[in-house]
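Protein chains in written order, with the numbering used here: chain G, 1 to 499; chain S, 500 to 832.
Ideal Cβ placement from N, Cα and C applies to all residues, glycine included.
Contents: one structure, followed by commentary.
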Amino acid sequence: MTTLLKATGITKRFGGIQALNRVDFEVDKGEVHGLVGENGAGKSTLMKILTGVYQKDDGQIWFDGSELLTKNPMQCRQKGIGIVFQEPTLIRSLDVKTNIFLGRYPIRKVPGLVDWKRLRRDALVVLEELGISIDPDTPVGNLAFGKRQMIEIAKVVAHNAKLIILDEPTSALSDLEKDSLFSTIARLKQKGVSVIFISHRLPEIFEIADRITVMRDGRHIGTDYAADLTTDSLIRMMVGRTLETAPYREPDTVGEDILRVEGLNRGPVLKDVSFSLRKGEILGVFGLVGSGRTEMARALFGIDRIDSGEIWLNGQKVVIRSPVEAVKHGLGFVPESRKEHGIIPLMGSGLNITLSVLNRCTTASVISWGKQEAMAKSFINKLGIKVSGPKQAVLNLSGGNQQKVVVAKWLATNPRILILDEPTRGIDVGAKAEIHNLIIQLSKEGLSVIMISSEMEEVTRLSDRVLVLYEGRVAGILNREDLSEENLLRSIHGHLQAV
Amino acid sequence: MGFEDVKVSGLESAKEDAPAKSKRQINILGIARKYGMVLALIVLIVIGTVLSDAFLTSRNLLNVARQVSVIGLLAAGETFVILAGGIDLSVGGVLSASAIFAAFNQNLPFPLIVLISILFGMAFGLTTGTLVSRAGITPFIATMGMGTVGDGVAMLLSGGQPIFVNHNASIFSTLGNGNFALIPIPVIIMVGCIGLGQLFLSSTTGGVYLKALGGNEEATFWSGVNTRNYRTLSFVLSGAFVGMAAILAIARTSVGDPVIGQGTTLDAISAVVIGGTYLGGGGVGSVAGTLLGAFMMGIINNLFNLLNVNAYWQMVAKGVIIISAVYIGTRKK
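This is how it looks when you write it as structure tokens:
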């Protein structure tokens, strides 16, 4: 195989922090190259240098036979380096074809007039090449999350990319959607396109990558063929230490019903959803994207209004119409999207942590900053949040630490029920294990947890019971002893057959 | 809760050295940001001193301060709205209406006039805030509409003519033109009100929630904060400051002028932005910064006058300054 990309001695500093320290990195033509490392290892910085977002301080990059001397993302894209970010970049109101060729529409003879027929034809070609069966005239907003990600990839491919960087592409996908993503990647390989695949999910890396590179603390730790590595050896390289893995949960700590939900209905997204939650229980919620997992939690937390249904807390019927009321009833909600619903980016991490309990740090609504800071610091310590101090803006923290800030915010309220929506999405293995242990510890202390997750391993590992949702309905509830990845999938398919 | 044991060993070592470095960096940034404003003010004063002999006299500077007091109060109120991620284009219209309303009720006891003027402004703010937070009308449109309503109310109450203040005339006059320990009384009132505003921002839950609202409204809502109420509060506070400004505006001239507010809205917004509050969300800024911003605007105006710059050119220059300030603010963000 020929080398497509060769980066040597890449160094980058941000002020006093050495983000990248003489990193070497190589990708062959037609290779899927896995890139792993904990948050803050320097993966994102390296990718931003490759795509022209940052300029390197030192080092050389060779791409496709010549030195890469580009100064901005546009030039990099023209050279054939494309990236699919975690965050969606599609315009929802425009259709698939218009999104794929955004900014490069085929023009008719009269300048300014778009050749829509050719645009559609070209889009079909790209979609077909990738094995994506989506009508190019569908508005992107009508597509499920997983399909949108395919369109993101198609958009990059349409730019004639020779190297495509996928940054955590599977974090929002269900396992089924992941499979179709992987078949798309396989097709890219056949075309001779190289892929850098960044993920925190190691089984996926092993499944898809030819070679794997590990980074840690801004350094290149090692690169090897996936076949020659094991999960254990990889984790050791990533963390430079052995990890405690989350133990399976003792099933005996669960108490009486604390929450009972009966016949929850909301438009087309929730249909007659009923379930119960016991004290100290971890109730997993599993389902594909669009199954109503998040919608159920939002309705419970008073973010969305329900059409009908009853919520019973501790044997009392309650009505929750807003997060304000949910908090009063002792509910907490760690949302799926940190950026949108979790953090206040420019505010200090300490204030973010105490935001929901600020009124408990006051005398006559004047804040006692001493009390506030002490509280913030105690949670920073308890969760091991890496910050320079409580005043450091959350924006400047890594994804894992941002997530811990959001979790800390809810723990500070001392909730009775904590809803966690994809609690470990986009988080490195170390932070993930910490959060898993934390969830288990909290449930032992009597906290009831509703954990929404699209990761089967996470669901089977932590849950006492699992509520499976399909298209807004309860497809089944699995007990501890029936919990396995096969059973989870079977319960979804069982439901499919019933419909 | 004792979950210290969840910490994975090995994290601590990394934790030790990183904070020391980044802390120093943040402090330098913070200082630069804080003192950048003061620095700019000093540069302005130096330029003024070089360009005009009449500039650096206590009489001139105190006069600038006196002139700034009305805009300073408007801008202080505007700060709450902008900090919370909104914008208030109604302050000019509401100022006219409040001034006329206060002048209209001049025969009441003086403290009562002040009170009802403030309440009048707050009522406008409450209406605007409700339109924005409950009816979901964007602040831009809601406040522009309410500002026009204010202009209309001023005209209706006054018949389009200025209302001269005959009752409480001496109190108004002292308030507008008097001094206390050599410092103009309107300046003392402005600084006092701004001090209260700053106190609210920096030491109450409401202040933090307003910043949170500007930083990320959704996340604030999800955190169990009643975002609608605090959105409304930002406009009510703005209204209260407009009501107070109206009293000072009357006091300066002893007249309730139905067009006193014309052109003041943009001045107020400029002072806020020059004072370092992020326009269009972010949740960063302070009322104290706005005070500096207002002074800078006042000094620039004063210089133009001392140097006999054509009034029309002054308008052009002001527009350019405002756009530049917003541009710099955007870059910082």
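Cβ-based neighbour list, residue i, same chain, cut-off 6 Å, excluding 5 preceding and 5 following
{"i": "I670 of chain S", "result": "F609"}
{"i": "L625 of chain S", "result": "V735"}
{"i": "V783 of chain S", "result": "Y777"}
{"i": "G755 of chain S", "result": "A598, I599, A602, I662, I749"}
{"i": "A793 of chain S", "result": "V567, I570, G571, A574, A770"}
{"i": "L747 of chain S", "result": "S568, V569, P685"}
Residue i classed as buried or exposed, judged by whether at least 16 other C-beta atoms fall within 10 angstroms
{"i": "E485 of chain G", "result": "exposed"}
{"i": "V114 of chain G", "result": "exposed"}
{"i": "V474 of chain G", "result": "buried"}
{"i": "I419 of chain G", "result": "buried"}
{"i": "W410 of chain G", "result": "buried"}
{"i": "M296 of chain G", "result": "buried"}
{"i": "I132 of chain G", "result": "buried"}
{"i": "I822 of chain S", "result": "exposed"}
{"i": "A364 of chain G", "result": "exposed"}
{"i": "F720 of chain S", "result": "buried"}
{"i": "V537 of chain S", "result": "exposed"}
{"i": "R104 of chain G", "result": "exposed"}
{"i": "I107 of chain G", "result": "exposed"}
{"i": "E445 of chain G", "result": "exposed"}
{"i": "D421 of chain G", "result": "buried"}
{"i": "I185 of chain G", "result": "buried"}
The alpha helix (DSSP H) enclosing residue i, as first and last residue numbers
{"i": "F609 of chain S", "result": "609 to 632"}
{"i": "S291 of chain G", "result": "That residue, S291 of chain G, is in no alpha helix (DSSP H); it is neither H nor E in DSSP."}
{"i": "Y777 of chain S", "result": "That residue, Y777 of chain S, is in no alpha helix (DSSP H); it is neither H nor E in DSSP."}
{"i": "A718 of chain S", "result": "716 to 721"}
{"i": "F101 of chain G", "result": "Taken as a continuous stretch (DSSP letters only), F101 of chain G belongs to no alpha helix (DSSP H), as it is neither H nor E."}
{"i": "F554 of chain S", "result": "Premise fails: F554 of chain S is in no alpha helix (DSSP H) and is neither H nor E."}
{"i": "S657 of chain S", "result": "638 to 657"}
Span of the beta strand (DSSP E), counted from its first residue to its last, around residue i
{"i": "K444 of chain G", "result": "K444 of chain G -> not in any beta strand (DSSP E); alpha helix (DSSP H) instead, spanning 429 to 444."}
{"i": "R266 of chain G", "result": "257 to 266"}
{"i": "E87 of chain G", "result": "Taken as a continuous stretch (DSSP letters only), E87 of chain G belongs to no beta strand (DSSP E), as it is neither H nor E."}
{"i": "S597 of chain S", "result": "Per DSSP, S597 of chain S belongs to no beta strand (DSSP E); it is in the alpha helix (DSSP H), 590 to 603."}
{"i": "L74 of chain G", "result": "Rather than Leu, the amino acid found at residue 74 of chain G in this sequence is Met. Not the beta strand (DSSP E): M74 of chain G falls in the alpha helix (DSSP H), residues 73 to 79."}
{"i": "I198 of chain G", "result": "194 to 198"}
{"i": "D167 of chain G", "result": "163 to 167"}
Residue i: CB within 8 Å of a non-hydrogen atom of the ligand NAP
{"i": "I164 of chain G", "result": "Absent from the structure shown: the ligand NAP. Ligands present: none."}
Proximity below 9 Å, CB of residue i to CB of residue j
{"i": "V466 of chain G", "j": "L313 of chain G", "result": "no"}
{"i": "A711 of chain S", "j": "M347 of chain G", "result": "yes"}
{"i": "G82 of chain G", "j": "H159 of chain G", "result": "yes"}
{"i": "G738 of chain S", "j": "F623 of chain S", "result": "yes"}
{"i": "F639 of chain S", "j": "A745 of chain S", "result": "no"}
{"i": "K155 of chain G", "j": "L69 of chain G", "result": "no"}
{"i": "V567 of chain S", "j": "G646 of chain S", "result": "no"}
{"i": "G430 of chain G", "j": "G399 of chain G", "result": "no"}
{"i": "S701 of chain S", "j": "D650 of chain S", "result": "no"}
{"i": "T506 of chain G", "j": "K56 of chain G", "result": "Since the displayed chain G opens at 1 and closes at 499, residue 506 of chain G lies outside it and no answer follows."}
{"i": "I61 of chain G", "j": "K6 of chain G", "result": "yes"}
{"i": "G723 of chain S", "j": "V324 of chain G", "result": "yes"}
{"i": "A19 of chain G", "j": "G34 of chain G", "result": "no"}
{"i": "I198 of chain G", "j": "V261 of chain G", "result": "no"}
Same chain, Cβ closer than 7 Å to residue i, five either side skipped, listed in chain order
{"i": "H341 of chain G", "result": "P335"}
{"i": "S93 of chain G", "result": "P139, G141"}
{"i": "R266 of chain G", "result": "E295, A299, D304, I306, D307"}
{"i": "N606 of chain S", "result": "H666"}
Nonlocal neighbours in the same chain, by C-beta distance under 8 Å from residue i, ignoring five residues either side
{"i": "K522 of chain S", "result": "In this prediction, K522 of chain S has a pLDDT of 44, which is less than 50 and means its spatial position is unreliable; what the coordinates show is noted afterwards. Around K522 of chain S: no qualifying Cβ."}
{"i": "T362 of chain G", "result": "S368"}
{"i": "L488 of chain G", "result": "F286, M456, V459, T460, V466, V468, L478"}
{"i": "I798 of chain S", "result": "L540, L543, I544, G547, V563"}
{"i": "E87 of chain G", "result": "K339"}
{"i": "S276 of chain G", "result": "D257, L259, R260, V261"}
DSSP beta-bridge partners of residue i
{"i": "Y225 of chain G", "result": "G:R211"}
{"i": "F663 of chain S", "result": "S:V754"}
{"i": "Y470 of chain G", "result": "G:R473"}
{"i": "T8 of chain G", "result": "G:Q60"}
{"i": "D421 of chain G", "result": "G:I452"}
{"i": "Q316 of chain G", "result": "G:L313"}
{"i": "N725 of chain S", "result": "Bridge partners of N725 of chain S: none, in fact."}
{"i": "I282 of chain G", "result": "G:V449"}
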